[in-house]
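First residue of the sequence shown? That's 1 in UniProt numbering, and the numbers climb one at a time after it.
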Amino acid sequence: MSDPIDRVFDSVYMVYSTSAGLISNSVEIIKSKSLEINEGIIGNANKMLEKLPNGYGYAFGKNGSGVVDVPPPSTYETCCNWVSKNKKLLILSLTGSLLLCSYILKEIHENEENKKIRKRRANKLPNGARYETILIIGSPLNHSIQKLIRDLNQRSFIIYITVSNEQELKIIEMEDSIDIRSLLISYESNKTIKDSLNKFKQILLTPIKPFQHSISHYLNLKSILIIPDYTHFPKGLINEIPINEWQRIINSHFLNQIGLINCGLFDIIRENNLRKEKIEKINGLYLNDDEIIENNGKNQIIDIGGDTKLIFINFIKNQISNNCNFPESLSILLKNQLYDTIYKDIQYYNNLNINKSHQSKTFLETLKSYFIKEPRSINFVNISRLTVKYSPSLNTKDSMLLDSSSMDRFYDTNFSISKLFITWKQFWQTKFFNTTTASKRLSSTKLHHQIFDMIYSKDILKKNYYID
1 MSDPIDRVFD SVYMVYSTSA GLISNSVEII KSKSLEINEG IIGNANKMLE
51 KLPNGYGYAF GKNGSGVVDV PPPSTYETCC NWVSKNKKLL ILSLTGSLLL
101 CSYILKEIHE NEENKKIRKR RANKLPNGAR YETILIIGSP LNHSIQKLIR
151 DLNQRSFIIY ITVSNEQELK IIEMEDSIDI RSLLISYESN KTIKDSLNKF
201 KQILLTPIKP FQHSISHYLN LKSILIIPDY THFPKGLINE IPINEWQRII
251 NSHFLNQIGL INCGLFDIIR ENNLRKEKIE KINGLYLNDD EIIENNGKNQ
301 IIDIGGDTKL IFINFIKNQI SNNCNFPESL SILLKNQLYD TIYKDIQYYN
351 NLNINKSHQS KTFLETLKSY FIKEPRSINF VNISRLTVKY SPSLNTKDSM
401 LLDSSSMDRF YDTNFSISKL FITWKQFWQT KFFNTTTASK RLSSTKLHHQ
451 IFDMIYSKDI LKKNYYID
């Protein structure tokens with residue numbers, strides 16, 4: 001039988017041993033946990049320090065004691081880090097720069113291509129002779145038509161102007177240029193009108209030698225301008241105007257134009273468009289052999305400047321000026337109705353030719369035609385109208401005043417990168433805030449430039465153009 005005292009000592013020893021083991025294990029657990037927490041804090045601190053600028057190169061040691069110097073990153077590493085962090089910004093910047101460069105190069109190329117149009121000069125033959133022709137249907141008694149004839153002559157065109165009496169013929173004969181010529185038209189009947197137009201056709205079909213020992217060439221009809229007389233309107237009550245004045249107004253603004261159209265005016269335009277490339281080739285305006293090789297073997301025309309245009313030019317008084325009398329209002333009504341009808345008929349035949357050509361095409365060919373311009377039909381007629389709104393001057397009958405047009409100033413300004421924003425600012429201010437309201441005398445230069453640009457356009461003209 002064991003002694004009770006021994007059992008007490010044994011129990012105390014067991015309790016002591018168990019307690020010592022528990023305490024030792026607790027201390028080890030506390031040490032390990034503290035090291036894990038310390039390493040996590042140090043790691044987070046190092047990450048925060050890495051984001052500091054160069055020169056703050058310090059980091060905690062792994063044991064948590066003190067700091068350790070870290071060398072600054074190299075230039076290459078800095079660039080790589082910046083690129084990796086700003087990939088999207090870099091891609092957007094490069095894309096924008098490429099688009100801007102492409103736009104600038106495109107504008108430079110177009111400016112070079114349109115350099116001849118900027119100078120506003122007609123094409124000439126390699127030997128310097130003129131061959132581009134304009135037919136003006138109007139009265140040379142009108143001072144504005146006289147200015148237009150002289151301007152076109154200075155721009156190297158050959159001008160034919162219709163005359164119907166001796167007075168008009170003498171005015172043309174007084175012009176100091178062999179390239180300003182008259183075309184006598186008698187409006188007595190369809191036969192006389194056809195005979196006059198056939199004479200003009202024969203002129204276009206006849207080879208011409210500009211000087212001795214030169215090669216023969218043909219004229220190319222560039223445009224037909226129809227300009228009714230807008231200056232001679234009788235004033236007074238209806239019962240005070242004689243019948244011959246009414247006949248003159250109706251004939252000049254309506255019947256004479258219908259007679260020309262009925263007797264083959266459109267046929268002259270279509271036939272000239274049909275033989276246009278042949279004329280350019282005979283006139284020596286195709287690229288020569290050396291230029292063909294440089295142009296990837298394509299035998300192209302140097303510069304045609306578009307097809308033959310039919311342009312109606314009307315002058316209408318501004319509403320600010322005196323109210324139009326009845327004969328003038330009647331002429332405006334007749335001209336508008338006539339032009340709208342002619343334009344509708346021409347567009348019908350133009351669209352009919354397009355629809356017929358599309359009917360025989362496959363789906364892929366039709367889709368391709370929307371992106372690649374095709375040669376126009378031989379029956380196509382490029383027609384447009386230029387309306388000039390003017391205020392008559394009190395000094396002379398044919399002088400005019402024209403309100404300053406912000407769009408014309410913006411249109412006439414030659415393109416340049418340095419002027420682009422200034423020009424747009426001026427256009428915005430004048431268009432929406434009316435900063436300029438003063439009237440100026442109609443600049444013949446502005447009018448002539450607009451007419452030339454319409455004549456020389458290589459695109460299909462809009463139905464209406466305005467200068468107001």
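Here a beta-carbon is modelled for each residue, glycine too, at the ideal position from N, C-alpha and C.
{"query": "Per-residue DSSP class, three states only, for I293", "result": "Since pLDDT at I293 reaches only 38, below the 50 mark, its modelled position is unreliable, and no value is offered."}
{"query": "N244, DSSP secondary structure in three states", "result": "helix"}
{"query": "E28, DSSP secondary structure in three states", "result": "helix"}
{"query": "N256 versus K124 - alpha carbon distance", "result": "33 Å"}
{"query": "Distance, D307 Cα to N272 Cα", "result": "9 Å"}
{"query": "Residue burial classification, I460 (beta-carbon count within 10 angstroms, cutoff 16)", "result": "exposed"}
{"query": "Spatial neighbours of Y230 in its chain, beta-carbon cut-off 7 Å, leaving aside the 5 residues before and after", "result": "F315"}
{"query": "I178 (DSSP reduced to helix, strand or coil)", "result": "coil"}
{"query": "Local Cβ density within 10 Å of E188, reported as buried at 16 or more and exposed below that", "result": "exposed"}
{"query": "Element boundaries [alpha helix (DSSP H), containing T78]", "result": "T75 to K85"}
{"query": "Simplified DSSP assignment, three categories, for H232", "result": "coil"}
{"query": "Whether K462 touches S384 by CB criterion (8 Å)", "result": "yes"}
{"query": "Residues of its chain near I346, where Cβ-Cβ distance is below 7 Å and the 5 sequence neighbours each way are ignored", "result": "V381 and I383"}
{"query": "Cutoff 6 Å; reference E245; Cβ partners in own chain excluding five residues on either side", "result": "P234"}
{"query": "Contact set for S182: own chain, Cβ-Cβ below 7 Å, skip 5 residues either direction", "result": "I161, V163, L169 and I172"}
{"query": "Candidates K222, I332, S24 and K209, of which the one nearest K458 by Cα", "result": "K222"}
{"query": "Proximal residues to I342 (C-beta, below 8 Å), its chain only, five neighbours per side dropped", "result": "I261 and I383"}
{"query": "Own chain residues within Cβ distance below 8 Å of I238, not counting five before or after", "result": "F326"}
{"query": "Distance, V83 Cα to L89 Cα", "result": "9 Å"}
{"query": "Cβ pair count under 8 Å reaching 3, the region 208 to 227 against the region 123 to 142", "result": "yes"}
{"query": "Proximity to S144 [Cα-Cα], best of Y466, N464, Y456 and I451", "result": "I451"}
{"query": "Rounded distance between the beta-carbons of I208 and S216, thought under 8 Å", "result": "6 Å"}
{"query": "Beta-bridge pairing of V388 - partner residues as DSSP gives them", "result": "F315 and I467"}
{"query": "Rounded C-alpha distance that separates S331 from D340", "result": "14 Å"}
{"query": "Distance between L447 and R120 (C-alpha atoms, nearest Å)", "result": "13 Å"}
{"query": "Unbroken alpha helix (DSSP H) run spanning I224, endpoints", "result": "From DSSP, I224 is part of no alpha helix (DSSP H) but of the beta strand (DSSP E) over N220 to I226."}
{"query": "Continuous alpha helix (DSSP H) stretch holding residue 478: start and end", "result": "Residue 478 is absent from the model: the chain starts at 1 and stops at 468."}
{"query": "Start-to-end residues for the alpha helix (DSSP H) that takes in E277", "result": "K276 to I282"}
{"query": "Distance between K106 and G96 (C-alpha atoms, nearest Å)", "result": "15 Å"}
{"query": "N- and C-terminal bounds of the beta strand (DSSP E) containing L135", "result": "E132 to I137"}
{"query": "Euclidean distance between Cα positions of R150 and L265", "result": "24 Å"}
{"query": "8 Å Cβ cutoff met for I455 and K309", "result": "yes"}
{"query": "As assigned by DSSP and simplified to three states, the class of K309", "result": "strand"}
{"query": "Three-state class that DSSP yields for L287 in the structure shown", "result": "Interpretation of L287 is limited by its pLDDT of 47, a score under 50 that renders its predicted location unreliable; the figure taken from the coordinates is listed afterwards. Of the three classes helix, strand and coil, the one that applies to L287 here is coil, per DSSP."}
{"query": "Spatial distance of R248 from I104 (CA atoms)", "result": "55 Å"}
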